[in-house]
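*Asks:* One line per chain: the protein sequences are G and E, in this order. Counting in my numbering, the first sequence runs from 4 upward without gaps. Counting in my numbering, the second sequence runs from 4 upward without gaps. Glycine included, every Cβ here is placed at the ideal spot set by N, Cα and C. Let me give you the structure first, and then I'll get to my questions.
Protein chains: 2
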Amino acid sequence: MRFELLATDGDARRGRLHTAHGVLDTPVFMPVGTQASVKSLTPHDLEAAGARIVLGNTYHLFLRPGHEVVRELGGLHRFMGWSGAILTDSGGFQVWSLAKLRRITEDGVEFRAPLDGALRFLSPELAVEIQRALGSDIAMVLDECLAYPATARDTERSLARTLRWAERCRVAHAKAPGAQALFGIVQGGADPVLRMQATEATVALGFDGYAIGGMAVGEPKPTMYALTETVARGLPVDRPRYLMGVGKPQDLVECVARGVDMFDCVLPTRNARNGQAFTSTGPVTIKQARFIRDPAPLDAACACYTCRQFSRAYLRHLFVAEELLAYRLLTLHNVHFYLGLMAGMREAIAARAFEAFRARFSAGYAVSSADVPHETDPQRSEA
Amino acid sequence: MRFELLATDGDARRGRLHTAHGVLDTPVFMPVGTQASVKSLTPHDLEAAGARIVLGNTYHLFLRPGHEVVRELGGLHRFMGWSGAILTDSGGFQVWSLAKLRRITEDGVEFRAPLDGALRFLSPELAVEIQRALGSDIAMVLDECLAYPATARDTERSLARTLRWAERCRVAHAKAPGAQALFGIVQGGADPVLRMQATEATVALGFDGYAIGGMAVGEPKPTMYALTETVARGLPVDRPRYLMGVGKPQDLVECVARGVDMFDCVLPTRNARNGQAFTSTGPVTIKQARFIRDPAPLDAACACYTCRQFSRAYLRHLFVAEELLAYRLLTLHNVHFYLGLMAGMREAIAARAFEAFRARFSAGYAVSSADVPHETDPQRSEA
């Protein structure tokens, strides 16, 4: 994997990531395909929307269908029919947020699989092994996640373990060299000083790229922005930076402004299934009665299939009637919107006009009071 | 609407139906789009699969979003973004099979809408009015449906009412002439003599086409085939014949052999959502454990997107994981399979080789004991 930094504008970066499955222009948004499927969309839809990389989840694929099954069927790309790049999350966040009865020791995490109640164990080495079997282009280290808020002592302890696990992942990953990149994850809770130490220590271990983890877990938005800036400034300029599980459109703009290159989040896909569309003028709740007779497209500024072909009235009808097509058409639009937003940011940075873009976006994108965040929902995978 | 009979082979007919929204080659299968959506598919998918006509349901669209809303938004074609032809069922079957507390009088049917419990009333005249507002290419008369088995007396009474309602529909429809065709529906229960009388009486009223109703409601398969043959032989050769709510692939072949031109059924779409795929060698239940590691496509003889891109192992995984994409990919395949089967029959009839086609199909298509029919499920709409 090779990362080129093509341009900067303030802290915002325009880059290019070369993977074994194609070239990614950054800043990039990665749609979440937790169970080897970006919910309701085909690989063809994703390509047409401009996606070049999607996420898969180690935790989910380990439990079902099992990484050995995926390996046997030629790896995750072939299994899901996706020829673009894939990043796999390590499972740390999912064990923390989804599994019951987890017991964390220095070795790893023991948990009960929600599907069958069986006791399962995930270690740093196994997380690397699973991701190797899946054959993702970018693997993530296993990290220990931390609830917000946490005491200084808990944060320090957890960070120390995450760093030891990161080193074990690095060692395990180095044993079978290949095209797969490995990213470290900077944890450290909500304390800027600990975050700086975490950044330094993670960079000292040496990874192909660096993620900022433990965000969007309940902390106030200004805290998230400030911590992201702190960590990003401590990361090497020649490696990609990935902010995990974030976020809303305004978060993407604000965090690109702070030097982030890669994002993933379930919001465009999950919220589509809850009837929320992201548009150039702000989020829209499609089931509202005001759309019953509305012949206009979801977003007049959008060129996606949903906006070219269907009215808000029809989309509302589909959603209220619980038609499967509603989830698909709204997901298609939201993914298109997110990817279009990233493309707009890439252009603006290249033109050294990012501040104007940011101001224009902020002025045009109305966040209503209905747009209440559910920050404690797991946003790094969709079950 | 104009119908051309291009070729016959035995009782099987190869025809062409000219509608205001395109030309349909018959025998034709019409995917069911009950609530203005063929579940999980876009108009683009349907076109690509070869669909030229879909069904909409008066009953469902009357209740939600309401025919006035659809009229205001430019009619059903524009509302659902479908440029092909549309046939609308009249609501008779749905009131009978889905609504609670129905009270049938000579005027019409009073029923409680399942959605809000409100009392609603559907008459022959209103069924015509609703279908006019929807703007379908082919409207159906309101018929009274009959449970199977029924006494001779109940059957006669019900048939007499259906005929009176048919005449009222004809009169109401003639008041506002336009491009929309109106089809009569031959009822008459399971008695061949009554069916012959019903055929004669319905034809005497004079319609643009004739449907055979009240089939697949629990009667034995040989009875259904025999009654279809009886009715078809009594229908004028220059009008299209539509067998409502039937059926399985083998039923389509057997009823084309008996002179039917048009079919609709929820099986390809509903069964897809239940994990059943129709293939050239018979139905397949995708969740079976034998597919866990199966790299083969669903149907090696199929050229649909699902079969070109994905393995049985992946489709099984999606279905077991309850991924929305499973329903979509299986629906796409099943609709493709049904439409391909019709195309094969059209070719065979044109080549006067239908009997060879029928024998080949019957030999290759294995119906397992797991393929038990649920004949009492409403197959004329999907809620």
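Is the CB of K42 (chain E) under 8 Å away from at least one CB in chain G?
*Replies:* By this cut-off, K42 (chain E) is an interface position.
*Asks:* For S314 (chain G), go through chain E and note every residue whose CB falls closer than 8 Å to its CB, in chain order.
*Replies:* Correct list: L76 and F82.
*Asks:* Given T226 (chain E), which residues of its chain have a CB within under 7 Å of its CB, disregarding the five upstream and five downstream residues?
*Replies:* Here the set comprises A193.
*Asks:* Does the beta carbon of S372 (chain E) sit closer than 8 Å to a beta carbon anywhere in chain G?
*Replies:* Because the pLDDT of S372 (chain E) is 49, which lies under 50, any placement of that residue in the model is unreliable, and the question is left without a value.
*Asks:* Using a Cβ-Cβ distance cut-off of 8 Å, determine whether L8 (chain E) contacts chain G.
*Replies:* Not an interface residue.
*Asks:* Is the distance from the Cβ of V57 (chain G) to the Cβ of M265 (chain G) below 8 Å?
*Replies:* No.
*Asks:* Going by the DSSP bridge assignment, what does L166 (chain G) pair with across the sheet?
*Replies:* Per DSSP, none; premise fails for L166 (chain G).
*Asks:* At a CB-CB cut-off below 9 Å, which residues of chain G make contact with A292 (chain E)?
*Replies:* By Cβ distance, chain G contributes nothing, its closest Cβ being about 11 Å from A292 (chain E), past 9 Å.
*Asks:* Could you pull out every residue in the same chain whose Cβ sits closer than 8 Å to the Cβ of F82 (chain E), ignoring the five residues on either side in sequence?
*Replies:* Answer for F82 (chain E): A39, V73 and L76, listed in chain order.
*Asks:* By how many angstroms is the C-alpha of A179 (chain E) removed from the C-alpha of L44 (chain G)?
*Replies:* Between L44 (chain G) and A179 (chain E), the C-alpha separation is close to 44 Å.
*Asks:* Pull up the distance between the alpha-carbon of F364 (chain E) and that of G138 (chain E), whole angstroms please.
*Replies:* Near 37 Å, if we compare the C-alpha coordinates of G138 (chain E) and F364 (chain E).
*Asks:* Under the assumption that L149 (chain E) contacts T158 (chain E) (Cβ atoms under 8 Å), give the Cβ distance between them as a whole number of angstroms.
*Replies:* Indeed, because the Cβ distance is near 6 Å, the residues count as touching under 8 Å.
*Asks:* In chain G, which residues lie with their C-beta within 7 Å of the C-beta of T272 (chain E)?
*Replies:* Those within 7 Å of T272 (chain E) in chain G number zero; the least Cβ separation is about 10 Å.
*Asks:* Taking just the CA atoms, how far does I89 (chain G) sit from R273 (chain E)?
*Replies:* Cα-Cα distance, rounded: 33 Å.
*Asks:* Tell me Q279 (chain E)'s beta-bridge partners as DSSP assigns them.
*Replies:* According to DSSP, which records beta bridges pairwise, Q279 (chain E) is partnered with E:T288.
*Asks:* Mind checking who F114 (chain E) pairs with in its DSSP beta bridge?
*Replies:* In the DSSP output, where bridge partners are listed per residue, F114 (chain E) has E:R123.
*Asks:* My understanding is that G278 (chain E) touches F322 (chain E), with C-beta atoms under 8 Å, so please give their C-beta distance in whole angstroms.
*Replies:* About 5 Å separates the two Cβ atoms, so the contact holds.
*Asks:* Using a 10 Å radius around the Cβ and a threshold of 16 neighbouring Cβ atoms, would you call F65 (chain E) buried or exposed?
*Replies:* Classification for F65 (chain E): buried.
*Asks:* Run the CB neighbour count on F210 (chain G), radius 10 Å, all protein chains shown included, and call it buried at 16 or more, exposed below.
*Replies:* So F210 (chain G) counts as buried.
*Asks:* Could you work out which residues of chain E lie near Y317 (chain G), taking near to mean beta carbons separated by less than 8 Å?
*Replies:* Under the 8 Å cutoff, chain E gives A39, L76, F82, M83 and G84.
*Asks:* So L318 (chain G) and I289 (chain G) are supposed to be a Cβ contact under 8 Å. How far apart are they, rounded?
*Replies:* At roughly 5 Å, the Cβ-Cβ gap stays under 8 Å, so L318 (chain G) and I289 (chain G) are in contact.
*Asks:* Under a Cβ-count criterion, where at least 16 other Cβ atoms within 10 Å of its own Cβ denotes burial, should E385 (chain G) be classed as buried or exposed?
*Replies:* With 16 or more other Cβ atoms within 10 Å, it is buried.
*Asks:* Pick from G:Y341, G:E326, G:A292 and G:E325: whose alpha carbon is nearest that of D302 (chain G)?
*Replies:* Of the candidates G:Y341, G:E326, G:A292 and G:E325, the one whose C-alpha sits nearest the C-alpha of D302 (chain G) is G:Y341.
*Asks:* How would you write the range of the beta strand (DSSP E) that D48 (chain G) sits in, first residue to last?
*Replies:* Element bounds for D48 (chain G): not the beta strand (DSSP E) but the alpha helix (DSSP H), P46 to A52.
*Asks:* So which residues of chain E does A324 (chain G) contact, with C-beta pairs closer than 7 Å?
*Replies:* Simply Q38 and R67.
*Asks:* Straight-line CA distance for T61 (chain E) to A142 (chain E)?
*Replies:* Cα to Cα, the separation comes out at about 9 Å.
*Asks:* Give me, in chain order, the residues of the same chain whose beta-carbon lies closer than 7 Å to that of L238 (chain E); leave out the 5 immediate sequence neighbours on both sides.
*Replies:* The residues are T202, V206, Y213 and R244.
*Asks:* H3 (chain G) and D140 (chain G) look like a contact to me (Cβ under 8 Å); what is the Cβ gap, rounded to whole Å?
*Replies:* The first residue shown for chain G is 4 and the last is 386, placing residue 3 (chain G) beyond what the model contains.
*Asks:* Cβ of H377 (chain E) less than 8 Å from any chain G Cβ?
*Replies:* Bear in mind that a pLDDT of 45 at H377 (chain E), under 50, signals an unreliable position, so the model cannot answer this.
*Asks:* Can you name the residues of chain E whose CB is closer than 8 Å to the CB of P34 (chain G)?
*Replies:* Those do not exist, as P34 (chain G) stays about 13 Å from chain E at its closest Cβ, beyond 8 Å.
*Asks:* Any beta-carbon of chain G closer than 8 Å to the one on I295 (chain E)?
*Replies:* So yes, I295 (chain E) belongs to the interface.
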